[in-house]
Amino acid sequence: MEVVNATHKSIDIFSKVLNDSATWLNSINQPMWKYEDITSEELLKKYSIEDMKLCYEKGNLIGVYILQWYDPLFWANLQKNESGIMHKLAVCRESVKKGYGHKLIQSAELICKEHNVKWLRLNCGTFRDRLRNFYESNGFKMVDRVFIDNRDQIRYEKFLNL
(Lines of atoms letter the chains of each structure in order from A and count residues from 1; the text may use other names and numbers.)
(Lines give C-alpha, C1' and ligand atoms only; values in the text may rest on other atoms or scores of the structure.)
Protein backbone atom coordinates (compact mmCIF):
# COMPACT_ATOMS: atom_id res chain seq x y z
CA MET A 1 0.00 0.00 0.00
CA GLU A 2 1.17 3.52 -0.78
CA VAL A 3 0.37 6.33 1.66
CA VAL A 4 0.75 9.92 0.48
CA ASN A 5 0.15 13.21 2.21
CA ALA A 6 -2.72 15.25 0.89
CA THR A 7 -1.80 18.39 -1.02
CA HIS A 8 -3.79 21.47 -1.89
CA LYS A 9 -4.50 19.75 -5.22
CA SER A 10 -5.72 16.50 -3.62
CA ILE A 11 -7.56 17.78 -0.55
CA ASP A 12 -10.86 17.78 -2.43
CA ILE A 13 -10.40 14.04 -3.03
CA PHE A 14 -9.71 13.55 0.69
CA SER A 15 -12.86 15.52 1.55
CA LYS A 16 -14.95 13.56 -0.98
CA VAL A 17 -14.06 10.22 0.66
CA LEU A 18 -15.21 11.62 4.02
CA ASN A 19 -18.39 12.99 2.43
CA ASP A 20 -19.16 9.63 0.80
CA SER A 21 -18.69 7.92 4.16
CA ALA A 22 -20.85 10.53 5.89
CA THR A 23 -23.61 9.94 3.33
CA TRP A 24 -23.46 6.19 3.91
CA LEU A 25 -23.42 6.61 7.70
CA ASN A 26 -26.44 8.91 7.50
CA SER A 27 -28.24 6.34 5.33
CA ILE A 28 -27.85 3.69 8.04
CA ASN A 29 -28.92 6.11 10.77
CA GLN A 30 -25.41 6.39 12.26
CA PRO A 31 -24.43 10.01 11.52
CA MET A 32 -20.85 10.84 12.39
CA TRP A 33 -19.60 13.90 10.53
CA LYS A 34 -21.47 17.03 9.55
CA TYR A 35 -20.96 17.85 5.89
CA GLU A 36 -20.02 21.43 6.71
CA ASP A 37 -17.18 20.15 8.96
CA ILE A 38 -15.53 18.00 6.30
CA THR A 39 -15.23 20.44 3.44
CA SER A 40 -11.69 21.07 2.25
CA GLU A 41 -11.78 24.55 3.77
CA GLU A 42 -12.94 23.38 7.20
CA LEU A 43 -10.49 20.48 7.29
CA LEU A 44 -7.63 22.90 6.61
CA LYS A 45 -8.76 25.11 9.49
CA LYS A 46 -8.53 22.23 11.95
CA TYR A 47 -5.74 20.00 10.60
CA SER A 48 -2.38 20.38 8.91
CA ILE A 49 -2.50 19.24 5.31
CA GLU A 50 0.53 16.98 5.86
CA ASP A 51 -1.48 15.09 8.51
CA MET A 52 -4.10 14.09 5.94
CA LYS A 53 -3.23 10.73 4.36
CA LEU A 54 -4.51 9.24 1.12
CA CYS A 55 -3.97 5.48 0.85
CA TYR A 56 -3.65 3.63 -2.45
CA GLU A 57 -3.54 -0.06 -3.33
CA LYS A 58 -2.30 -0.86 -6.83
CA GLY A 59 -2.95 2.73 -7.86
CA ASN A 60 -6.53 2.81 -6.56
CA LEU A 61 -7.55 5.04 -3.69
CA ILE A 62 -8.83 2.82 -0.89
CA GLY A 63 -9.15 5.19 2.05
CA VAL A 64 -8.07 8.20 4.02
CA TYR A 65 -7.25 9.23 7.57
CA ILE A 66 -5.68 12.00 9.59
CA LEU A 67 -2.59 11.24 11.65
CA GLN A 68 -1.61 13.98 14.09
CA TRP A 69 1.30 14.17 16.49
CA TYR A 70 -0.59 16.30 19.00
CA ASP A 71 -4.28 16.70 19.81
CA PRO A 72 -5.04 19.29 22.50
CA LEU A 73 -8.80 18.58 22.36
CA PHE A 74 -8.93 14.82 23.00
CA TRP A 75 -5.43 14.17 24.38
CA ALA A 76 -4.39 17.41 26.09
CA ASN A 77 -2.38 15.52 28.73
CA LEU A 78 0.07 14.16 26.12
CA GLN A 79 3.20 15.86 24.88
CA LYS A 80 3.74 16.64 21.21
CA ASN A 81 5.20 13.70 19.29
CA GLU A 82 4.47 11.29 22.16
CA SER A 83 1.92 9.42 20.08
CA GLY A 84 0.21 9.30 16.75
CA ILE A 85 -3.44 10.28 16.99
CA MET A 86 -5.75 9.03 14.29
CA HIS A 87 -8.89 10.85 13.18
CA LYS A 88 -11.40 10.55 10.37
CA LEU A 89 -10.54 7.06 9.20
CA ALA A 90 -12.64 6.28 6.13
CA VAL A 91 -12.51 3.49 3.57
CA CYS A 92 -13.71 4.34 0.08
CA ARG A 93 -17.21 2.96 -0.41
CA GLU A 94 -16.16 0.72 -3.32
CA SER A 95 -13.41 -0.79 -1.14
CA VAL A 96 -15.39 -1.76 1.95
CA LYS A 97 -15.49 -5.32 3.25
CA LYS A 98 -12.06 -6.09 1.77
CA GLY A 99 -9.89 -5.69 4.87
CA TYR A 100 -8.68 -2.22 3.95
CA GLY A 101 -9.67 -0.68 7.29
CA HIS A 102 -7.13 -2.96 8.94
CA LYS A 103 -4.52 -2.01 6.33
CA LEU A 104 -5.13 1.70 6.93
CA ILE A 105 -4.48 1.23 10.64
CA GLN A 106 -1.33 -0.78 9.87
CA SER A 107 -0.08 2.04 7.66
CA ALA A 108 -0.60 4.56 10.47
CA GLU A 109 1.29 2.23 12.82
CA LEU A 110 4.18 2.07 10.38
CA ILE A 111 4.33 5.86 10.09
CA CYS A 112 4.38 6.09 13.90
CA LYS A 113 7.23 3.60 14.10
CA GLU A 114 9.17 5.53 11.46
CA HIS A 115 8.87 8.55 13.77
CA ASN A 116 9.93 6.47 16.82
CA VAL A 117 6.47 6.90 18.32
CA LYS A 118 5.34 3.99 20.49
CA TRP A 119 1.62 4.73 20.74
CA LEU A 120 -1.27 5.11 18.32
CA ARG A 121 -4.37 6.66 19.86
CA LEU A 122 -7.87 7.55 18.75
CA ASN A 123 -11.32 8.34 20.06
CA CYS A 124 -14.67 6.86 19.13
CA GLY A 125 -18.29 7.60 19.98
CA THR A 126 -19.42 5.50 22.92
CA PHE A 127 -22.55 4.26 21.13
CA ARG A 128 -20.71 3.11 17.96
CA ASP A 129 -20.52 -0.57 18.83
CA ARG A 130 -19.43 -1.79 15.36
CA LEU A 131 -16.67 0.78 15.11
CA ARG A 132 -15.50 0.12 18.66
CA ASN A 133 -15.40 -3.63 17.91
CA PHE A 134 -13.37 -2.88 14.78
CA TYR A 135 -10.80 -0.87 16.76
CA GLU A 136 -10.64 -3.45 19.52
CA SER A 137 -10.18 -6.26 16.97
CA ASN A 138 -7.21 -4.25 15.65
CA GLY A 139 -5.50 -4.27 19.04
CA PHE A 140 -6.71 -1.00 20.56
CA LYS A 141 -7.40 -0.97 24.28
CA MET A 142 -9.91 1.29 25.96
CA VAL A 143 -8.28 4.01 28.05
CA ASP A 144 -11.36 5.77 29.42
CA ARG A 145 -14.72 7.31 28.68
CA VAL A 146 -14.74 11.09 28.37
CA PHE A 147 -17.18 13.87 27.58
CA ILE A 148 -15.38 16.32 25.33
CA ASP A 149 -16.90 18.97 23.12
CA ASN A 150 -20.40 17.76 24.13
CA ARG A 151 -19.58 14.27 22.85
CA ASP A 152 -19.59 11.00 24.76
CA GLN A 153 -16.36 9.32 23.66
CA ILE A 154 -14.19 6.31 24.36
CA ARG A 155 -10.47 6.95 24.09
CA TYR A 156 -8.34 4.08 22.81
CA GLU A 157 -4.64 3.40 22.58
CA LYS A 158 -2.40 0.78 21.05
CA PHE A 159 1.20 0.17 22.05
CA LEU A 160 3.51 -0.29 19.08
CA ASN A 161 6.63 -2.39 19.40
CA LEU A 162 9.42 -0.45 17.71
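The opening residue of the sequence shown carries number 1 in the UniProt record's numbering; numbering runs sequentially from there.
By construction, the Cβ of each residue, glycine as well, lies at the ideal position given by its N, Cα and C atoms.
Give me the DSSP bridge partner(s) of residue i.
i, result
"L61", "Y56"
"C124", "I154"
"F159", "W119"
"K79", "Reading off the sequence shown, one finds Gln at residue 79, where the question assumed Lys. For Q79, which the question treats as bridged, DSSP gives no partner whatsoever."
"I38", "Answer by DSSP bridge pairing: none, since I38 is not bridged."
"residue 181", "Residue coverage of the chain in this structure runs from 1 to 162, which leaves residue 181 outside it and unanswerable."
Flag this pair as yes or no: are the beta carbons of residue i and residue j separated by less than 7 Å?
i, j, result
"R132", "C124", "yes"
"Y156", "L122", "yes"
"S10", "I38", "no"
"E50", "N19", "no"
"K53", "V3", "yes"
"residue 163", "Y65", "Absent from the structure is residue 163, since the part of the chain shown begins at 1 and ends at 162."
"I105", "N138", "yes"
Going by Cα to Cα distance, which pick from the options is closest to residue i?
i, options, result
"L67", "H115, Y35, E36 and S40", "H115"
"L160", "V146, V143 and A108", "A108"
"E41", "I28, H8, Y100 and A22", "H8"
"T126", "N138, W119, K118 and V146", "V146"
"Y56", "V91, L73, W119 and N29", "V91"
"M86", "S95, F74, L44 and R93", "F74"
"Y47", "P72, D152 and K158", "P72"
By the DSSP assignment, the alpha helix (DSSP H) with residue i in it spans what residues?
i, result
"A90", "From DSSP, A90 is part of no alpha helix (DSSP H) but of the beta strand (DSSP E) over G84 to V91."
"N133", "D129 to S137"
"E114", "Y100 to E114"
"I13", "I11 to S27"
Roughly how far, in whole angstroms, is the beta-carbon of residue i from the beta-carbon of residue j, given that I think they are within contact range, below 8 Å?
i, j, result
"G101", "F134", "6 Å"
"K97", "M1", "At roughly 17 Å, the Cβ-Cβ gap does not stay under 8 Å, so K97 and M1 are not in contact."
"S27", "I62", "The pair is not a contact, with the Cβ atoms about 21 Å apart (cut-off 8 Å)."
What residue does the beta strand (DSSP E) around residue i start on, and which one ends it?
i, result
"K141", "K141 to I148"
"E2", "E2 to N5"
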